[in-house]
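Note that the protein sequences, when read in sequence, are chains A and B.
At position 83 of the first sequence (counting the first as 1) the number is 83 in my numbering, and the numbers step up by one without a gap.
In my numbering, each residue carries its 1-based index in the second sequence increased by 144.
We treat Cβ as the ideally placed atom computed from N, Cα and C, and that holds for glycine.
Computed from a predicted structure; not experimentally measured.
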Amino acid sequence: MAYGEKLIDHYENPRNIGSLDKNATDVGTGLVGAPACGDVMKLQIKVNAAGVIEDAKFKTFGCGSAIASSSLVTEWVKGKTVDEAETIKNTQIAQHLALPPVKIHCSVLAEDAIKAAIADYRRKTGKAAPAAAAASEPAKVAAE
Amino acid sequence: MATKATEPTKSAVTRNIPLPIYLDYQATTPTDPRVFGAMLPYFTTKFGNPHSRSHSFGWESEEAVETARGQVAALIGASDKEIIFTSGATESNNLAIKGVGRFYKDRRNEIVTVVTEHKCVLDACRHLEQEEGFKVTYLAVQKNGLIDLNHLREAVTDKTALVSVMAVNNEIGVIQPLKEIAAIAHEKGAFFHTDAAQAAGKIPLDVEAMGIDLMSISGHKIYGPKGIGALYVRRKPRVRLHALIHGGGQERGMRSGTVPTPLVVGLGKACEIAKNEMGTDNERIRALSDRLYNGITKQLKDIVLNGDRDHRFPGNLNLSFSYVEGESLMMGIRDIAVSSGSACTSASLEPSYVLRALGVEEEMAHTSIRFGIGRMTTEAEIDYAIETVVKHVKKLREMSPLWEMVQEGIDLKSIQWSEH
Ligand SMILES: Cc1ncc(COP(=O)(O)O)c(C=O)c1O
Ligand code: FES
């Protein structure tokens, strides 16, 4: 299989690899997937007082598409509010990286990871999700 | 837009190695130039139909086919008349299993095989089981990939027509105890078939000394052409079988169709070379295999060799790189052609059934890479592979949440994973 250029770039120069302090209250951690399935993603966000994601880090065990998807998502969420970040869709990731159909689940995992990180952050801070606001307002994630 | 092979990296350039490097000799092998040379005249000037009896074009072609038959027979200690040419090991396996099964079905309708066989053996057996009323026993393997002979003894009955066990496994390279298996089959009057696609020309095989009744051979696994293979069918005592392909009655009625002279000549030549050079080939391959294994394990921990350490063909090194997913590693080392047991490389997204059969945990199966070393592999290529693999495994482990957890002392089994 030949890989797309953007995918190769994210795989070879992954952005934001690393870890944040998972015990800090302003850090939300999402851990999704399972070793037995061949893919595990850990995605962390650090949120400031204004609700904006200041930093994001990831570590991924998975194929090149999974690594690239998580790398891309960390780039996208930085500077967004938590609510904006929550609207990121796997289809946007798949489209940006030109993932072939068998690799769509890798982008689904990245969407799940960001959702899980946000949920963790909300649980820690006691901030509930805004009622149905997310669905109506898709974030401008296609910007490059 | 898509990029194919990578730019040659600096170290490869300085070492002057052409990239990409081929380390996938179980998938197929290049045709040896000597084999190709032997084949050429039979495409152009010596193109006769080997079954034409009325002119010299035919006679010349027939003679070449018979010479090749002798070369194949000599490699495995058989006699010429016991060699049937087929299109490859897939056909040979189908012919052996379905052919023998159907011929003896009235008296014996049971077949014994192993879960780690090649798909074509398993599928042929599955067909007989589901469509034709056979009983098939699929033996499990031990952790090292070898069958337990006691289990085999329990599985073979006086209703067993055929025991089919491969010689060398294509994924992990382990060598099954053929002679012992044959003896157990024969105790109950069953025939013993072995799929030797990965074994012929690689390890010494002697149908007489080992008691093998049928053996499948593939041309393209032994530096011969693709699309040609052979089935050895014992004549004393005679093994009988139903043909799969009917027509002109070629190959003693067991395989109709014009015998493809150039391909057959190529297979014969490949067998001859393999017989003459097996010793020196294997010495080199073993040294390269040890070099690769030692080079990697000296610099990386948590590497697991899949399959028995001793009973193996050294040209197959199947390694699990714990906490690094196989396909991502293949992407990193993509100027080295290897294959992976990882799910992600297959359409099915299931990890290798062979590794699973060994009891390799799924997460470890996802981290496996098969390195295939062969006649054309050089030391410089192995050194390049070591350097590249080590570099990328280190990088991917730094990126791996599993590696991080394990370094922090977290037991991965204690975590509630969200399986999907
Ligand atoms: C063990 C084994 N059996 C059978 C085959 C099929 O061989 P062929 O490609 O000649 O049909 C292969 C090759 O993929 C193999 O490795
Ligand atoms: S993580 Fe398995 S295919 Fe991408």
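When the beta-carbon positions are compared, F465 (chain B) and V537 (chain B) come within less than 7 angstroms of each other.
Within the segment 13-27 of chain A, contact with chain B at the beta-carbon level (separation under 8 angstroms) is assigned to P14, I17 and S19. The straight-line gap separating the alpha-carbon atoms of I526 (chain B) and G476 (chain B) is approximately 16 angstroms. Closer than 7 angstroms at the C-beta level to chain B, one finds these residues of the segment 53-77 of chain A: K59, T60, F61, G62, C63, G64 and I67.
Cα atoms of A481 (chain B) and P164 (chain B): separation of roughly 7 angstroms, rounded to the nearest angstrom. Take A329 (chain B), set aside five residues on each side of it, and the residues of its chain with a beta-carbon closer than 7 angstroms to its own are V300, V307, F335 and F336, in chain order.
Taking a C-beta cut-off of 8 angstroms against chain B, the contacting residues of the segment 28-54 of chain A are L31, V32, G33, A34, P35, A36, C37, G38, D39, V40, M41 and K42, listed in chain order.
When the beta-carbon positions are compared, L444 (chain B) and V534 (chain B) come within less than 7 angstroms of each other.
Between L290 (chain B) and N13 (chain A), the alpha-carbon positions lie close to 42 angstroms from each other.
Within 10 angstroms of the beta-carbon of H199 (chain B) lie fewer than 16 other beta-carbons, which makes it exposed. In summary, E315 (chain B) is buried, with 16 or more beta-carbon neighbours lying within 10 Å of its beta-carbon over all protein chains present. Proximity to I53 (chain A) across A:A24, A:S69 and A:T74 peaks at A:T74, based on C-alpha coordinates.
For R378 (chain B), the number of other beta carbons within 10 angstroms of its own is at least 16, and it is reported as buried. The CB of H510 (chain B) comes closer than 7 angstroms to the CB of G38 in chain A, given here in chain order. Note: R270 (chain B) is not bridge-paired with any residue in the DSSP secondary-structure output. The residue among B:R519, B:R252 and B:P545 with its C-alpha nearest the C-alpha of A113 (chain A) is B:P545. Take the alpha-carbon of R384 (chain B) and the one of M474 (chain B): they are about 45 angstroms apart. For Y376 (chain B), there is no enclosing alpha helix (DSSP H); the residue is part of the beta strand (DSSP E) that begins and ends at G373 to V377. A distance below 8 angstroms between beta-carbons, with the five flanking residues on each side excluded, links S223 (chain B) to the following residues of its chain, in chain order: A217 and R379.
Here H390 (chain B) is exposed. Its C-beta has fewer than 16 other C-beta atoms within 10 Å.
Against chain A, a Cβ distance below 7 angstroms from S472 (chain B) picks out G62, C63, G64 and I67. From the listed residues B:R197, B:I220, B:I227 and B:S196, the smallest Cα separation to E210 (chain B) is found for B:I227. Judged by the Cβ position, Q342 (chain B) qualifies as a neighbour of ligand 1 at the 6 angstroms threshold, a heavy atom of the ligand being closer than this. The residues T511, V537, L540, R541 and S544, in chain order, have a CB closer than 7 angstroms to that of V468 (chain B) in the same chain once the five nearest residues on each side in sequence are set aside. The criterion of a C-beta distance shorter than 7 angstroms is not satisfied by G30 (chain A) and A85 (chain A).
The Cβ of P164 (chain B) sits no closer than 7 angstroms to any Cβ of chain A.
Three or more Cβ pairs closer than 8 angstroms define a contact, and the segment 348-358 of chain B falls short of that threshold against the segment 428-438 of chain B. Taking C-beta atoms as the reference points, C269 (chain B) and N237 (chain B) fail to come closer than 7 angstroms.
In chain A, no part has a C-beta under 9 angstroms from the C-beta of L461 (chain B); the shortest such distance is about 21 angstroms. P174 (chain B) and M508 (chain B) do not touch by the CB rule: their CB atoms are close to 31 angstroms apart, not below 8 angstroms.
Counting only the Cα atoms, I554 (chain B) lies some 44 angstroms from I325 (chain B). Beta-bridge analysis with DSSP links D39 (chain A) to A:A34.
Against chain A, the CB of S562 (chain B) has a partner CB under 7 angstroms away; the residue lies at that interface. Between the beta-carbon of G373 (chain B) and that of I361 (chain B) there is about 6 angstroms, and that keeps the pair under the 8 angstroms contact cut. With respect to G410 (chain B), V179 (chain B) sits close: the two C-beta atoms are nearer than 7 angstroms. Within the segment 114-125 of chain A, contact with chain B at the beta-carbon level (separation under 9 angstroms) is assigned to A116.
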